[in-house]
């Protein structure tokens, strides 16, 4: 029982995920410090508030308040984290993958327009065959497979 659990934990994906979570938590602390020590003072000068949480607060009758500044701060945190993750991790990994494919001599796997056109034409022909009366389906071209009336394919009706 413990052997299987140990193998599960030592698999590459689980260890990589654990490392990513730890690094992500540490990175979140860095982003929060950047916001607290750089962005909040700038916002404080502009809006005469101590932080984004205190800026752009709209009071409501009954003592409540809407803190637009806190929302803007959360969006800024997200954008900073997303930009750093993209430029530090995603972009270099994509370039590394492309360089590896070029060295290996494998073509990049992007669908061509011709293949997409063929697939769309085939889907169109299948939909026409399903919507056509049984006599017209029998006269359909051989390139479009007709649905067998005894099968449970979408559009096929049993009598």
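Numbering (my numbering), first residue to last: 17 to 175.
No residue lacks a Cβ here, since even glycine has one placed at the ideal position from N, Cα and C.
None of the values given here were measured: they were computed from a predicted structure.
Span of the alpha helix (DSSP H) around residue i
i	result
residue 96	84-101
residue 108	107-120
Paired residues, beta bridge with residue i - DSSP
i	result
residue 81	75
Closest by C-alpha distance to residue i, when choosing among the options
i	options	result
residue 67	88, 101, 77, 76	88
residue 55	115, 140, 106, 91	91
residue 48	140, 101, 94	94
residue 69	137, 40, 51	51
residue 96	44, 39, 35, 29	44
Assigned secondary structure, residue i (DSSP; H/G/I helix, E/B strand, else coil)
i	result
residue 17	coil
residue 148	coil
residue 140	helix
residue 160	For residue 160, the predicted structure reports a pLDDT of 49, less than 50, and the residue's modelled location is therefore unreliable. The matter cannot be settled from this model.
residue 174	Here residue 174 scores only 49 on pLDDT, less than 50, and its place in the model is too uncertain to base an answer on.
residue 31	helix
residue 24	helix
residue 36	helix
Practice item. Report the residue ranges of all alpha helix (DSSP H) runs contained in full by the region 50-79; include only those spanning at least 4 residues, in chain order. Key: As far as the region 50-79 is concerned, its whole alpha helix (DSSP H) runs of at least 4 residues are 56-63.
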